[in-house]
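Under full-length UniProt numbering, the sequence shown has 137 at position 137, and the numbering climbs by one with no breaks.
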Amino acid sequence: MDDDVSPVVNVLEVKHDGSVKQSKPIRLVSACKLDIFGFPFDTQRCTITFGPYVHTASNSSVVTQLSRDNFSKRGEWELLHIDVQNLNLSFSGTLHSQVKYTITLKRIPIVYVVNLICPAGFLIILDFAGMFISVTGGERLGFKVTVVLGFLVLLLILNDQLPNTDVSPILGNTQHNYRADVFYMGNYLLKSVKTSKLIIGVFCLLCFALMIISIMGTIGVLYMVEMSSMSSEVPSWMKKWVLKYMAKVLLVKTSHTADTGADENIIGFSTVL
């Protein structure tokens with residue numbers, strides 16, 4: 001909690017019944033430990049406790065007066081409700097009156113949805129659309145690498161927008177110096193998910209992993225296309241592995257005919273589901 005910066009008020013109000021009242025505006029800045037597992041769709045509960053330690057409960061009593069009329073909505077938080085409890089704290093054999101406020105806040109996620117989740121989803125769609133680019137032109141690989149670099153730039157730009165906590169989400173405010181390197185960022189994303197275990201971290205890691213797998217698949221396709229141009233005949237083991245075993249995994253039907261000159265009996269595709 002920060003220092004008290006409220007103004008000094010030296011005016012007391014004495015009533016006819018002998019009660020004395022002093023009204024003083026107080027500004028308190030309190031820190032609350034956040035549980036951001038569901039960031040940015042999270043709900044936080046913060047507690048603030050007030051009570052005198054000099055006077056005992058027999059001499060002074062803290063009473064509550066709850067009001068939401070003066071609450072001002074600011075930033076990305078929405079006030080859900082406030083719970084109030086009157087407590088008596090036992091300290092050195094004496095009781096002290098306390099009041100405990102439990103404030104429940106809900107984060108407004110629209111900023112993070114528009115700036116992080118939607119652009120990441122669009123980049124995944126672009127990466128999938130890159131599968132329809134012709135392999136022979138050599139533009140598919142460059143397109144996919146560009147999409148991955150765009151995803152990394154998006155994460156770096158949003159680094160300062162995410163909360164700074166002990167278990168901050170992926171790309172939260174830290175003191176590391178990032179560089180736009182695919183393998184370095186992949187290792188960092190993996191470590192962040194293991195330590196933070198956040199939904200947003202798993203989402204970013206899955207998007208990054210899908211893009212890397214897509215690039216590796218494109219490299220494999222280009223390699224096979226190049227090998228097919230160098231050799232006129234596909235090896236028999238490759239035919240059997242692709243047209244028999246891999247076809248079952250990809251749910252592709254194949255036509256079967258007897259080949260008198262070899263053991264393999266699979267010659268090609270007939271229907272694609």
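Cβ atoms here follow ideal geometry from the backbone N, Cα and C, with glycine treated the same way.
Under the DSSP definition of a beta bridge, which residues are partnered with residue i?
| i | result |
| --- | --- |
| valine 99 | Phe50 and Asn86 |
| threonine 94 | Phe91 |
Quick one: is residue i buried, meaning 16 or more other Cβ sit within 10 Å of its Cβ, or exposed?
| i | result |
| --- | --- |
| leucine 12 | exposed |
| isoleucine 219 | exposed |
| cysteine 204 | buried |
| methionine 246 | exposed |
| isoleucine 213 | exposed |
| leucine 28 | exposed |
| phenylalanine 208 | buried |
| leucine 251 | exposed |
| leucine 243 | buried |
Taking the alpha-carbon of residue i as reference, which of the options has the nearest alpha-carbon?
| i | options | result |
| --- | --- | --- |
| proline 119 | Ile133, Val147, Leu250 and Glu226 | Val147 |
| tryptophan 77 | Phe50, Asp42, Lys244 and Val54 | Asp42 |
| leucine 123 | Lys24, Leu206, Lys21 and Ser30 | Leu206 |
| threonine 102 | Met230, Ile212, Ser236 and Gln44 | Gln44 |
| leucine 155 | Gly138, Glu139, Ile125 and Gly121 | Gly121 |
| leucine 126 | Lys253, Pro7 and Leu210 | Leu210 |
| leucine 79 | Gly93, Arg107 and Val54 | Arg107 |
| serine 60 | Gly217, Phe143, Ser19 and Glu226 | Ser19 |
Return the CA-CA distance between residue i and residue j, expressed in angstroms with no decimal places.
| i | j | result |
| --- | --- | --- |
| glycine 201 | valine 234 | 43 angstroms |
| proline 40 | valine 113 | 8 angstroms |
| alanine 31 | threonine 47 | 10 angstroms |
| phenylalanine 128 | methionine 224 | 20 angstroms |
| glutamine 85 | isoleucine 110 | 33 angstroms |
| methionine 185 | leucine 152 | Below a pLDDT of 50, predicted positions are generally treated as unreliable, and methionine 185, at 46, falls in that range; the measurement from the model is reported next regardless. Distance between the alpha carbons of methionine 185 and leucine 152: 8 angstroms. |
| lysine 33 | leucine 105 | 13 angstroms |
| residue 277 | lysine 253 | No information on residue 277 is available, as it lies outside the stretch 1 to 273 that the chain covers here. |
| lysine 21 | isoleucine 157 | 53 angstroms |
| threonine 248 | methionine 238 | The identity of residue 248 in the sequence shown is lysine, whereas the question assumes threonine. So the alpha carbons of these two residues sit roughly 15 angstroms apart. |
| threonine 94 | asparagine 88 | 9 angstroms |
| tyrosine 188 | glycine 75 | In this prediction, tyrosine 188 scores a pLDDT of 48, lower than 50, which makes its location untrustworthy; the coordinate-derived value is nonetheless stated afterwards. The straight-line gap from Cα to Cα measures roughly 30 angstroms. |
| lysine 73 | glycine 217 | 49 angstroms |
| threonine 49 | leucine 149 | 48 angstroms |
With a cut-off of 8 angstroms, does the C-beta of residue i fall near any C-beta of chain B?
| i | result |
| --- | --- |
| valine 29 | The structure shown contains no chain B; it is built from a single protein chain. |
Can you check whether the CB of residue j is closer than 8 angstroms to the CB of residue i?
| i | j | result |
| --- | --- | --- |
| proline 52 | histidine 96 | yes |
| isoleucine 215 | valine 135 | no |
| phenylalanine 37 | isoleucine 199 | yes |
| leucine 222 | leucine 116 | no |
| valine 99 | threonine 56 | no |
| lysine 24 | valine 14 | no |
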